[in-house]
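Peer 1: Here it is: the structure, laid out below.
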Amino acid sequence: MDNPIDPQLTRKVERANKFITTAVSVASVFVFVSLVTIIGLLVGIQQGQDRNLAISRDLASQNHKRTQEYVKCVAQSLTIPVKDRSPGDIEACADNATRHTKDADKYGKEE
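For the sequence shown, numbering that gives the first Met the number 0 begins at 0 and goes up steadily by one.
This is the structure:
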């Protein structure tokens with residue numbers, strides 16, 4: 000007793016196989032694109048963090064230099080006798096320290 004293969008059933012199985020193959024291919028492409036996108040985002044975030052860290056360190060260095068200039072100037076101003084000292088000497092120290100470290104302002108603007 001041979002059971003002949005139903006040609007209609009064969010076509011249905013072939014269509015089902017083709018559909019499954021197409022679905023798996025589309026899903027694979029979607030997963031690949033998603034992974035590439037996620038990796039790209041992570042790399043971009045890391046680069047942004049590295050840039051922000053470098054800017055923070057530079058600004059901290061500039062602030063430290065500004066503070067040193069200010070302290071040095073105030074110390075020099077305090078060596079002047081009180082009767083010879085003008086009220087604007089200390090304010091001039093702050094202006095002088097800021098003028099010497101003006102580069103820190105460049106980070107406020109987009110390049």
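The beta carbon of each residue, even a glycine, is placed where N, CA and C say it ideally should be.
Keep in mind the model is a prediction, meaning the values are calculated, not measured.
Would the C-beta of valine 12 count as close to the ligand FAD, meaning under 7 angstroms from any of its heavy atoms?
Peer 2: Of the ligands one can find in the structure shown there are none, so the ligand FAD has no counterpart to examine.
Peer 1: Does DSSP put isoleucine 4 in a helix, in a strand, or in coil?
Peer 2: coil
Peer 1: State yes or no: is the C-beta of aspartate 88 within less than 8 angstroms of the C-beta of serine 76?
Peer 2: Yes.
Peer 1: With H, G and I counted as helix, E and B as strand and the rest as coil, what does DSSP make of serine 76?
Peer 2: Helix, per DSSP.
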